[in-house]
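Number of protein chains: 2
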Amino acid sequence: MATMQRLQITGLELFYKNGYYNTSIDDILKELSLSKGAFYHHFDSKEDFFIQIIQNLIVRKMYAMLIEPIEGHENSLDLITNCFENALETAVHNELDFGFVLGNFISEFNGKNPEIMKHLSDILKIWEVNLVSAIQRGKFNGYIDRHVDSEGVAVFLMSSYLGIRTFMVENAPSARKYRFMSQLRQYFKSIQVKTPTV
Amino acid sequence: MATMQRLQITGLELFYKNGYYNTSIDDILKELSLSKGAFYHHFDSKEDFFIQIIQNLIVRKMYAMLIEPIEGHENSLDLITNCFENALETAVHNELDFGFVLGNFISEFNGKNPEIMKHLSDILKIWEVNLVSAIQRGKFNGYIDRHVDSEGVAVFLMSSYLGIRTFMVENAPSARKYRFMSQLRQYFKSIQVKTPTV
DNA sequence: AATTTTACCGACCAACTGGTCGGTGGGTTT
DNA sequence: AAACCCACCGACCAGTTGGTCGGTAAAATT
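Order-wise, the sequence lines are chains G and W. Residues in the first sequence are numbered from 1 upward in steps of one, following the working numbering. Residues in the second sequence are numbered from 1 upward in steps of one, following the working numbering.
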């Protein structure tokens, strides 16, 4: 595989595991048995390197995991439920979950690096916009109560998702995932269209 | 004020603002015009310093802001609503919100420093236990539906709280707080005891 | 008054940081 | 075959890191 790609993949892994500021370029190079020269041949700086990682890896995966799965015309709430279910399942198995990766980096860069924050915020914005669309589609298609605030639901969903991921990291991920999903369904019940039970 | 306290207060401020690994002891000392000698006279190491900050500042504030306010015998859901409302309001004004401080540090130390993680997890555990108690009290007192899973509600509440804080940090905190609280009330409606509307 | 303890100073250290730069060897152009 | 480009090497640099240590002046203890 191309050296540039290998650097980015390993870079993201280590940045995620140890944090951006706590991972040195040397750490990444040691992992791949490459030299400083190789790194600075491909990237201008550590910051430029990370921005390319965001654009090449994080954005793409966010789309694949959290945006495309909710684009269909089925019941939005079902789509979102399944989407979260799958995303959290990869999280249980300690794989990279890009929604969380994003939240993590936002914590790390907040107030420290406005340039990088802008890139991260943009992704969050895209997620938000797509969630709002999905919810409005759900209203239009008769699945969601027309009186609910789509923006509010989106904010609530994103918040709880970012939060449960922080929380899963610390203890009993599988049990917490299960409990979280149950309560999410409970919440969804409260915003769906009430069909009188015959 | 005693030098030791001033070090801890300034330390927490800077650790919170810039991250633990991205804040040097020299940064803290410069802020207070103190020397290395002063620091190592009072603390064994940077890690020891941070653990004392957790125990002296973070634990106390967590109790004051997120635990004691939900201990009363009124309607648990009201208590929790008010508690979150207040905590998020301090967050809007960019003051230290210790629930979030906790979540932030958990992200930062996860997988890097088990010793510190243990201390942070303990606080989260205390919060969880107290939330579960409050919810069970709510069931007992006839405010909350007896069929709901208390543990699940607690996990959901903590998640969404940690999440909204990450999310508020990035954009339009006040609007997001408002939207979040609306949806929280919506969720609470779905778990409270259903009194037939006459 | 003599001694010990406390609180603090600041020069110093080895390890590490992001980044620079002169090189080198293989492949492609001319 | 000469000239050039590309991908990479690794010694080196200045600045920063957490941490050490010998010293000192004031306060507390004897």
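Glycine is no exception: its CB is placed at the ideal position from the N, C-alpha and C atoms. Note that the coordinates shown come from a computational prediction; the quantities given were computed from them, not determined experimentally.
Chain G within 9 Å of residue i, Cβ atoms only
i                 : result
Gln186 of chain W : yes
Asp44 of chain W  : no
Val169 of chain W : yes
Met62 of chain W  : no
Gly11 of chain W  : no
Leu120 of chain W : yes
Lys139 of chain W : no
Met117 of chain W : yes
Counterpart residues of residue i in DSSP-defined beta bridges
i                 : result
Gln192 of chain W : W:Ile144
Partner residues on chain G for residue i, Cβ-Cβ distance less than 8 Å
i                 : result
Phe180 of chain W : Gly152, Val155, Phe156 and Ser159
Residue i - DSSP class collapsed to helix/strand/coil
i                 : result
Glu115 of chain W : helix
Ala172 of chain G : coil
Asn110 of chain G : coil
Glu89 of chain W  : helix
Phe43 of chain W  : coil
Leu157 of chain G : helix
Ser151 of chain G : The sequence given here places Glu at residue 151 of chain G; Ser does not occur at that position. Helix, per DSSP.
Gly19 of chain G  : coil
Gly103 of chain G : helix
Gly11 of chain W  : helix
Ala64 of chain G  : helix
Asn94 of chain W  : coil
Asn75 of chain W  : coil
Ala2 of chain W   : coil
Leu34 of chain G  : coil
Ser24 of chain G  : coil
Contacting residues, own chain, Cβ-Cβ under 7 Å from residue i (five flanking each side not counted)
i                 : result
Tyr161 of chain W : Phe84 and Gly99
Tyr143 of chain G : Asn75, Ser76, Leu77, Gln192 and Val193
Gly11 of chain G  : Ile28, Phe49 and Ile53
Ile135 of chain G : Ser76, Ile144, Ser150, Val153 and Ala154
Arg6 of chain W   : Leu32
Lys46 of chain W  : Ile25
Arg60 of chain G  : none
Per-residue contacts from residue i into chain G (C-beta, under 7 Å)
i                 : result
Leu124 of chain W : Glu170
Ser107 of chain W : Asn104, Ser107 and Thr166
Arg176 of chain W : Val155
Same chain, Cβ closer than 8 Å to residue i, five either side skipped, listed in chain order
i                 : result
Gly72 of chain W  : Leu79
Lys13 of chain W  : The sequence as given places Glu at residue 13 of chain W; Lys does not occur at that position. Cβ neighbours of Glu13 of chain W beyond the five flanking positions: Leu96.
Ile106 of chain G : Met117, Leu120, Ser121 and Leu124
Ile70 of chain W  : Ser76, Leu79, Ile80, Cys83, Asn130, Leu131 and Ala134
Gly19 of chain W  : Glu108
Contact with chain W by residue i, beta-carbon distance below 9 Å
i                 : result
Lys189 of chain G : yes
Asn86 of chain G  : no
Cross-chain neighbours of residue i in chain W, by beta carbon under 7 Å
i                 : result
Leu162 of chain G : Gly163, Thr166 and Phe167
Asp149 of chain G : Arg179 and Ser182
Partners in chain W for residue i, counting only beta-carbon separations shorter than 8 Å
i                : result
Lys30 of chain G : Here the premise fails: no neighbours, minimum Cβ distance about 18 Å.
Contact set between residue i and chain W, taken where Cβ atoms lie within less than 9 Å
i                 : result
Lys112 of chain G : Lys17, Asn18, Gly19 and Asn22
Neighbourhood of residue i by C-beta, 6 Å cutoff - its chain only, sequence neighbours within 5 removed
i                 : result
Ile126 of chain G : none
Phe109 of chain G : Ile116 and Met117
Leu88 of chain W  : Lys177
Met62 of chain G  : Phe98 and Ile123
Ile164 of chain G : Phe180
Phe15 of chain G  : Thr23
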